[in-house]
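Residue numbers (the working numbering): 14 to 416. Ideal Cβ placement from N, Cα and C applies to all residues, glycine included. Note that the structure is predicted; figures quoted are calculated from it, not measured. Here the structure is laid out as structure tokens; the discussion comes afterwards.
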Ligand SMILES: Nc1nc2c(ncn2[C@@H]2O[C@H](COP(=O)(O)OP(=O)(O)O)[C@@H](O)[C@H]2O)c(=O)[nH]1
Ligand SMILES: [Mg+2]
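Encoded structure:
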């Protein structure tokens, strides 16, 4: 199962440009509001250093790609139409969009750091819009949607509790399929001081507090401060960091990434996504506009922010926000290959804390039957089935049948 990451934000913040540059498809880019009417899903990649150089072997990846020593792991990126005010009430297909957003594992909340959109998402004079309130507006829509789920099901929860269900179970049930588990609900009830209150006595303030906290802990989100190529955007980036100091905020220029990936595709430059540099290969084939654009990216983006931020945002979402570790399971411990002889064929992303048993389950549920232990092929260690895997572990599973 691949990881799903959703792009949310107001119209014209640059979600589709981000999506296109990360997936390199040719979705229409336009500044008319509501061009993207339905959610679009595409394949992007999380990128991490491959282990093959360390083992001094060449690999033949199967579920991922290996380029210049970097592993590209496919993930699903979803471009959601801009959310508008009262989306949670169903305005502008809001309910549908919010529900798709909630089904993602993590969200990238895109704001226009250049201040180039007004509060309704229309393009306006740069520097007049406010990404801080734009962020807050969209957050409120999400929270209200989580809130509505609880408010709209009061009777159901009440009944379940009266017939013997624990409040944690009764509420968790409402949020099934959108990344909320019982531990989230429990933590929320305790943190909001609602544990001593009867569910039937929750007032609107209580349920809003509940929704706000639940949204925060159950749906990891980072802020993409987009359009940092525009003059003055750095000030808004600083303001965002100050105001939302409990969030990860990444400066991004989706436009610049798009220019680089296009130029790379045409063979004009050598550039790997996320890299902090590029090399011009065919200087004589570039027109003046292209030369200037590349020149600006080198100085104005990479010089100031190291990178365009598109690939970085995806990597941070996968490896930091979602705390994924890269695990390399192999069948043949001598050759580090699968049964077909492919060396280091698969990279599996597992959440920090996942065990050998979880890995077996992820590969094939049958594998958990008779599972004895795993072998750590870096150190030749036997790892018990409850061993919590670490990033870059290379392991082979040993089961009773196979032994
Ligand atoms: N300067 C600048 N403009 C951008 C950037 N990303 C997107 N835009 C522009 O912002 C407008 C809206 O972009 P789009 O991706 O369609 O936004 P969406 O409505 O959020 O999907 C378009 O005119 C884009 O060219 C960026 O990184 N820098
Ligand atoms: Mg769009």
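Boundaries for residue 284: no beta strand (DSSP E) harbours it, and the DSSP string shows neither H nor E there.
Contact between residue 342 and residue 372 holds, with the beta-carbon distance rounding to 6 Å and staying under 8 Å. Between the C-alpha atoms of residue 221 and residue 100 there is a straight-line separation of about 17 Å. Within the chosen limit of 7 Å, ligand 1 does not reach the beta carbon of residue 137 with any heavy atom. Checking the DSSP bridge columns, you'll see residue 89 partnered with 17, 56. Looking only at 113, 201, 195, 105, the smallest Cα-Cα distance to residue 227 is reached by 201. In this structure residue 407 does not touch residue 334 by the C-beta definition: roughly 25 Å separates them, more than the 8 Å allowed.
Within its own chain, the residues whose Cβ lies closer than 6 Å to the Cβ of residue 193, once the five positions on either side in sequence are excluded, are 231, listed in chain order. CA-CA distance, residue 370 to residue 125, rounds to 44 Å. Within the chosen limit of 7 Å, ligand 1 does not reach the beta carbon of residue 141 with any heavy atom. With a threshold of 7 Å, the Cβ atom of residue 272 does not count as near ligand 1, since no heavy atom of the ligand is closer than that. In the three-state reduction of the DSSP assignment, residue 125 falls in the strand class, which pools E and B. Taking 3 residues as the shortest admissible run, the segment 73 to 117 contains the following complete beta strand (DSSP E) segments, listed from N- to C-terminal end: 78 to 80, 83 to 92. With the rule of 3 Cβ pairs closer than 8 Å, the segment 147 to 161 counts as touching the segment 87 to 105. Counting C-beta atoms within 10 angstroms of its own C-beta, residue 270 has 16 or more neighbours from the protein chains shown and is therefore classed as buried. In chain order, 226 place their CB closer than 8 Å to the CB of residue 204, counting only its own chain and leaving out the 5 sequence neighbours on each side.
Using a 10 angstroms sphere on the CB of residue 85, the tally of other CB atoms reaches 16 or more, which defines it as buried. In the displayed model, residue 66 falls within coil according to three-state DSSP, outside both helix and strand.
The bridge partners DSSP lists for residue 397 are 386. Secondary structure at residue 220: helix, using DSSP grouped into helix, strand and coil. With respect to residue 30, residue 267 sits close: the two C-beta atoms are nearer than 8 Å. The three-state reading of DSSP puts residue 144 in helix, counting H, G and I together. Around the beta carbon of residue 76, a 10 Å sphere encloses fewer than 16 other beta carbons of the protein chains shown; the residue is thus reported as exposed.
DSSP places residue 234 in the strand class (E or B) of the three-state scheme.
Three or more Cβ pairs closer than 8 Å define a contact, and the segment 22 to 37 meets that threshold against the segment 89 to 97. Annotation: residue 340 is outside any alpha helix (DSSP H); the continuous beta strand (DSSP E) that includes it extends over 337 to 342. DSSP places residue 334 in no alpha helix (DSSP H); its state is neither H nor E. Within the DSSP secondary-structure output, residue 265 pairs in no beta bridge. For residue 407, the enclosing beta strand (DSSP E) begins and ends at 406 to 412.
As the crow flies, the alpha-carbon of residue 313 is around 7 Å from that of residue 242. When the beta-carbon positions are compared, residue 116 and residue 191 come within less than 8 Å of each other. When DSSP states are grouped into helix, strand and coil, residue 292 belongs to the strand group.
Nearest Cα to residue 54 within the set 105, 28, 389, 320: 28. Proximity of the segment 354 to 363 to the segment 56 to 76 meets the contact definition, three or more beta-carbon pairs being nearer than 8 Å. Close CB contacts of residue 233 within its chain, under the 8 Å cut and outside five residues either way in sequence, are with 118, 119, 120, 330, 334, 335 (chain order).
Relative to ligand 1, residue 312 has its C-beta separated by 7 Å or more from all heavy atoms.
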